[in-house]
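Reading through the structure tokens given below for one structure.
Protein chains in written order, with our numbering: chain A, 10 to 252; chain B, 276 to 867.
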């Protein structure tokens, strides 16, 4: 049912609860290294009803889901190249961007098609963070997702292989408001297929309801009136004077 | 223009104005004179009613009233050795999560955590200190989530939790430390079931050594104050433990953590809430019930009750005396506060909007919730289900900015505890309107004994705040904090109450709470109370009237006070240019 070999060889999350023991102050923590089940919330049933090639490794330091260092996407003949990235998550990395609160040390990564990417995901904050890539082929990655979650102060390592087409993938943290407040990045495969919106330091925000809602009504009515008078009354007079 | 032509123009204008003026606006004496002279004017048919819209059940945006329980969460089950009683309501709590909360997330298998979407250290249960067969070291981890928050990419709120159809105010909640996404799945923008309003009820046992770690996953500083819970002002390390920024500690900044320590000596129904900028943070939803259960042997308590409501694994002491136990958390919400997190994506701007721009002294609550939902959603998960002759324990918390006058139909309840302190049995009060002040907790005994006093018999009996705005959602009723006491005889198989009144489908439509549907449309078959078909002409008439009157006044003014210049602007323009242009002309001449 589950390709446990792929999980293990994916170097994902074999760091058991060794460091977690300290913070738990002697309370017994059961090691929770069990594969065989996707972390998925399907409509209509338990996720275990679905067959999949990925799997997950989870313990108190975090988790790695759908790691894959072996299986090639159907459109790839071989691994074109191996990359190793260190992605660091922390509020510190949000400081250069004044309107964010959370951040990655880098918000864009460029790789060749069919390459194998090993990510060391280091969390420098005290709360958990995620680095999730979406839109990967679903026949390899359940829900099309490669997902790492690191508990506060912990590091996870995971590997995945990207397909051959030029595409830009979303990488983000899915904890409520973490992406919105800065943890949004992109993984560009080949030439990519266009930048994503709202990436700190890279692209503009796509949409934002106007804060003008909170301007008092008389101010915007006043501005409107000033504009109207200048156009309708002063402007024709100036033109006439010029004649 | 001759004076005759001028007078004619004015008369014509006045006549047109007179015709445009609605008949009703003329003085009564004029109307009488007109009627005497010309008789009654002809019949002017009233606009027809707008054809009634089909019931919401037939439209596309209709949502299923009671979604099917495909995961089998309602039935009684035993998970990880924890007996979980059947949930009578349509949308029950996740039994896997309940098992993990009872056993401790450190003591259950991976599968339970996966299905509960909990972190392995969300609720860590340790040693049995008093040797009575249950753990007494409890370490709870809470995270902070924003529901219905803003997004730089979407024009709809993200991590949605509607409190009623289409009602999505920005909210902040505490939730047990979870694992993975905050949404149901990547395609969904709905919050996963473990993250919701209200912040969950927390249960520990009297005498437990309790640690609560606040893992601040939110983008603003927060703390936790354990209101009514026996806790030392400073902990063993001499650090502030009261959660109050001005007296005990610095708030927990974004992405930081802090642990609170206490060993409560007294049992009772208490309260926990954020104490940073309370006028905003508490009412944004950072508040929950905190229950300290009496110490008993083999008393494995259900540490969290997600969404409050029915307690599927009650403590030993409660089971000794009561047949069922319910947590009822009332809140009120000001939409002008909640919408501020959706108005910007910049934490600095949101901070200003919430803490300096917003003025609670000018505020009014718009939404009233029971266990995080307003009617009709309360019927999905906040029903109080009973059988004849049962005795129920209701723990009630009012977390709202105003008191509530809780009225039970069909029953008179008895107040057994005020703010967690037992009231002496001989002098207990039994009544059908219970006043609950802000932050107050009452433990109520609801007896289903049909004696004409405690219960008037089986039925579907509502309970609600009798300050009538409390039964509305933004002023539209029925809504607000209406809950229902249902006898099991009146419960459908799927957990929906059998009702004998009007069809509810309108109430499951967003349009209803946006004031778009006539309130009686579901049973007004002949459309006698439908909307009046709007006509543009009456409005246009008024606009024309005002415009023409203005023109007439302007003309009269011009002719009377500025001499006979008619509509010719040339003279004044020449004058104006004569005043200022010469300088330019001379300079132009020089260049020539």
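The beta-carbon is built from N, C-alpha and C at its ideal position, and this holds for glycine as well.
So is residue i buried or exposed if we call it buried at 16+ other beta carbons inside 10 Å?
i: residue 278 of chain B; result: exposed
i: residue 481 of chain B; result: buried
i: residue 450 of chain B; result: buried
i: residue 808 of chain B; result: exposed
i: residue 516 of chain B; result: buried
i: residue 628 of chain B; result: buried
i: residue 681 of chain B; result: buried
i: residue 230 of chain A; result: exposed
i: residue 764 of chain B; result: exposed
i: residue 165 of chain A; result: buried
If you follow the beta strand (DSSP E) that residue i is in, where does it begin and where does it stop?
i: residue 238 of chain A; result: Careful: residue 238 of chain A lies outside any beta strand (DSSP E), inside the alpha helix (DSSP H) at 226 to 238.
i: residue 536 of chain B; result: 532 to 537
i: residue 308 of chain B; result: Unbroken run through residue 308 of chain B is the alpha helix (DSSP H), 303 to 313; no beta strand (DSSP E).
i: residue 416 of chain B; result: 412 to 422
i: residue 93 of chain A; result: 91 to 98
i: residue 194 of chain A; result: 193 to 198
i: residue 118 of chain A; result: 117 to 120
i: residue 373 of chain B; result: Premise fails: residue 373 of chain B lies in the alpha helix (DSSP H), 370 to 378, not in any beta strand (DSSP E).
i: residue 670 of chain B; result: 666 to 673
Taking only beta-carbon atoms, is residue i less than 7 angstroms away from chain A?
i: residue 428 of chain B; result: yes
i: residue 421 of chain B; result: yes
i: residue 403 of chain B; result: no
i: residue 845 of chain B; result: The pLDDT assigned to residue 845 of chain B is 47, lower than 50, so where the model puts this residue is not dependable; a value taken from the coordinates is nonetheless given after this. No - not a single Cβ of chain A is within 7 angstroms of the one on residue 845 of chain B.
i: residue 434 of chain B; result: yes
i: residue 465 of chain B; result: no
i: residue 490 of chain B; result: yes
i: residue 525 of chain B; result: no
i: residue 535 of chain B; result: no
i: residue 451 of chain B; result: no
i: residue 559 of chain B; result: no
i: residue 842 of chain B; result: With a pLDDT of only 48 at residue 842 of chain B, under the threshold of 50, the placement of this residue in the model should not be trusted; the figure read from the coordinates follows. By this cut-off, residue 842 of chain B is not an interface position.
i: residue 456 of chain B; result: yes
i: residue 494 of chain B; result: yes
i: residue 469 of chain B; result: no
i: residue 393 of chain B; result: no
Does residue i have its Cβ less than 7 angstroms from a Cβ in chain B?
i: residue 208 of chain A; result: no
i: residue 195 of chain A; result: no
i: residue 86 of chain A; result: no
i: residue 190 of chain A; result: yes
i: residue 184 of chain A; result: yes
i: residue 151 of chain A; result: no
i: residue 240 of chain A; result: no
i: residue 165 of chain A; result: no
i: residue 128 of chain A; result: no
To the nearest whole angstrom, what separates the beta carbons of residue i and residue j, a pair I think is in contact under 8 angstroms?
i: residue 194 of chain A; j: residue 395 of chain B; result: Contact doesn't hold; Cβ gap of about 27 angstroms is too wide.
i: residue 502 of chain B; j: residue 712 of chain B; result: Contact doesn't hold; Cβ gap of about 13 angstroms is too wide.
i: residue 619 of chain B; j: residue 439 of chain B; result: Contact doesn't hold; Cβ gap of about 25 angstroms is too wide.
i: residue 605 of chain B; j: residue 679 of chain B; result: 5 angstroms
i: residue 718 of chain B; j: residue 691 of chain B; result: 5 angstroms
i: residue 453 of chain B; j: residue 393 of chain B; result: 6 angstroms
i: residue 539 of chain B; j: residue 504 of chain B; result: 5 angstroms
i: residue 99 of chain A; j: residue 134 of chain A; result: 5 angstroms
i: residue 556 of chain B; j: residue 506 of chain B; result: Going by Cβ atoms, the distance from residue 556 of chain B to residue 506 of chain B rounds to 19 angstroms, so no, they are not a contact pair.
i: residue 363 of chain B; j: residue 660 of chain B; result: 4 angstroms
i: residue 759 of chain B; j: residue 658 of chain B; result: 5 angstroms
i: residue 583 of chain B; j: residue 603 of chain B; result: 7 angstroms
i: residue 156 of chain A; j: residue 75 of chain A; result: 6 angstroms
Going by the DSSP bridge assignment, what does residue i pair with across the sheet?
i: residue 792 of chain B; result: Answer by DSSP bridge pairing: none, since residue 792 of chain B is not bridged.
i: residue 757 of chain B; result: DSSP lists no partner for residue 757 of chain B.
i: residue 68 of chain A; result: A:71
i: residue 550 of chain B; result: Answer is none; residue 550 of chain B lacks a bridge partner.
What are the boundary residues of the alpha helix (DSSP H) that includes residue i?
i: residue 390 of chain B; result: 385 to 391
i: residue 135 of chain A; result: Counting along the chain, residue 135 of chain A falls outside any alpha helix (DSSP H), and DSSP gives it neither H nor E.
i: residue 680 of chain B; result: Counting along the chain, residue 680 of chain B falls outside any alpha helix (DSSP H), though it belongs to the beta strand (DSSP E) covering 679 to 683.
i: residue 832 of chain B; result: 811 to 836
i: residue 295 of chain B; result: 278 to 295
i: residue 613 of chain B; result: 610 to 613
i: residue 624 of chain B; result: 622 to 627
i: residue 653 of chain B; result: 653 to 656
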